[in-house]
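What follows is a set of notes on a single structure, which appears directly below.
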Amino acid sequence: MVACWLMQDGWQLYSPMVDHGHKTDLLISDGPNFHRIQIKTFESKGKNQEINNCWSPCKIDYVVLIARNANWGLITPAFTEKRRRINHKEHCKFEKNKQEFLRAFRQV
Numbered sequence: 066m067v068a069c070w071l072m073q074d075g076w077q078l079y080s081p082m083v084d085h086g087h088k089t090d091l092l093i094s095d096g097p098n099f100h101r102i103q104i105k106t107f108e109s110k111g112k113n114q115e116i117n118n119c120w121s122p123c124k125i126d127y128v129v130l131i132a133r134n135a136n137w138g139l140i141t142p143a144f145t146e147k148r149r150r151i152n153h154k155e156h157c158k159f160e161k162n163k164q165e166f167l168r169a170f171r172q173v
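The working numbering puts the last residue of the sequence shown at 173; the count rises by one with no breaks.
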């Protein structure tokens, strides 16, 4: 889903064949710039829910979190804290559709 939306927006998309613990699900490029993305799904349990950081200390650029039981997700720059509330000010929420995802992606 995320890969398709990014390709439709003109991004070059690479999928690492072997991860070896680098925590990169997608590597995207607009030509000169590359961005590493980690994609996670979770069960939505409310505004005070916390997200566990399972990608540090690997260097990734963005984390996309998709709710399995709801029609939304969020994108955030990768963070180093062990946990962070889902309603953190750096998180950009989107509805699960291409237009909303790309709007959120451009905001982070």
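C-beta: ideal position from N, C-alpha, C; glycine also.
Which residues bound the beta strand (DSSP E) around residue i?
i	result
residue 160	157–160
Cα separation between residue i and residue j?
i	j	result
residue 132	residue 169	15 Å
residue 81	residue 154	30 Å
residue 68	residue 101	12 Å
Hey, residue i and residue j: beta-carbon distance below 9 Å or not?
i	j	result
residue 128	residue 164	no
residue 123	residue 147	no
residue 113	residue 151	yes
residue 73	residue 93	no
residue 161	residue 136	yes
residue 105	residue 71	no
residue 166	residue 140	yes
Can you give me the start and stop residues for the alpha helix (DSSP H) that residue i sits inside?
i	result
residue 72	67–73
Runs of beta strand (DSSP E) lying entirely within the region 89–119, each at least 3 residues, in chain order: DSSP assignment within the region 89–119 yields the following whole beta strand (DSSP E) runs of 3 residues or more, N-terminal first: 91–94, 99–107 and 115–117.
4-residue-minimum alpha helix (DSSP H) runs that sit fully inside the region 121–173, ordered along the chain: Taking only runs of at least 4 residues, the alpha helix (DSSP H) segments lying wholly in the region 121–173 are 163–172.
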